[in-house]
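>
Residue numbers (our numbering): 559 to 720.
(1) Determine the DSSP secondary structure at residue 651, reduced to helix, strand or coil.
(2) What does residue 673 pair with, by DSSP beta-bridge criteria?
(3) From the DSSP output, in three-state form, read off residue 633 for me.
(4) Going by DSSP in three states, residue 723 sits in which element: helix, strand or coil?
(5) So who's on the other strand from residue 657, going by DSSP bridges?
(6) Taking the straight line between their C-alpha atoms, what separation do you get for residue 594 and residue 562?
(7) Among residues of its own chain, excluding the 5 on either side of residue 566, which ones have a beta-carbon nearer than 8 Å to its beta-carbon?
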């Protein structure tokens, strides 16, 4: 991806293909673009605007504005156990919403038999000059990888999005 705009455009296209019950697990370092990706996803889903990181509240719900699935946006970074994941009660909204879990790899796959694992990498963050970068630097490239698991995604062509 050449820019934040392109990353969000890809996410928006994916959002149009999602349905209630879909689980997305986002992986990437701090500032890689996980929340930026989720903002584009939210536009594609047609949910209420104002998607920001759920870091301090752990879960943010964004209802649909078009009678589609809502978006449940989770940050599992500070959660230390499976019990803390279970306490979020994601099962109660899983069937009716698209659930996006930042930092969820190895922690939430048990919730469903199908999920997308989306990895975001921002190479510039690995350099010493990265100290001044923010998540909103539009011209900083990001690399996106989508891995699909389970029967829901068996016949999908998600590679066409990237």
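Cβ coordinates follow ideal geometry from the N, Cα and C atoms, glycine included.
Reading off the structure:
(1) For the purposes of this step, residue 651 is taken as residue 93 along the chain shown, with counting starting at 1. Note: residue 651 maps to helix in three-state DSSP.
(2) On the chain shown, residue 673 is found 115 positions in, with the first residue counted as 1. For residue 673, which the question treats as bridged, DSSP gives the partners 707.
(3) As a first step, residue 633 must be located in the chain shown, where it is residue number 75. If DSSP states are grouped into helix, strand and coil, residue 633 belongs with the strands.
(4) Because residue 723 is not part of the residues shown, which for the chain are 559 to 720, the question remains open.
(5) By 1-based counting over the chain shown, the position of residue 657 is 99. DSSP lists 581, 630 as partners of residue 657.
(6) The residue given as residue 594 occupies position 36 in the chain shown. The residue given as residue 562 occupies position 4 in the chain shown. Rounded to the nearest angstrom, the two C-alpha atoms are 7 Å apart.
(7) The residue labelled residue 566 in the question sits at position 8 within the chain shown. These residues qualify, in order along the chain: 594, 595, 597, 598, 601.
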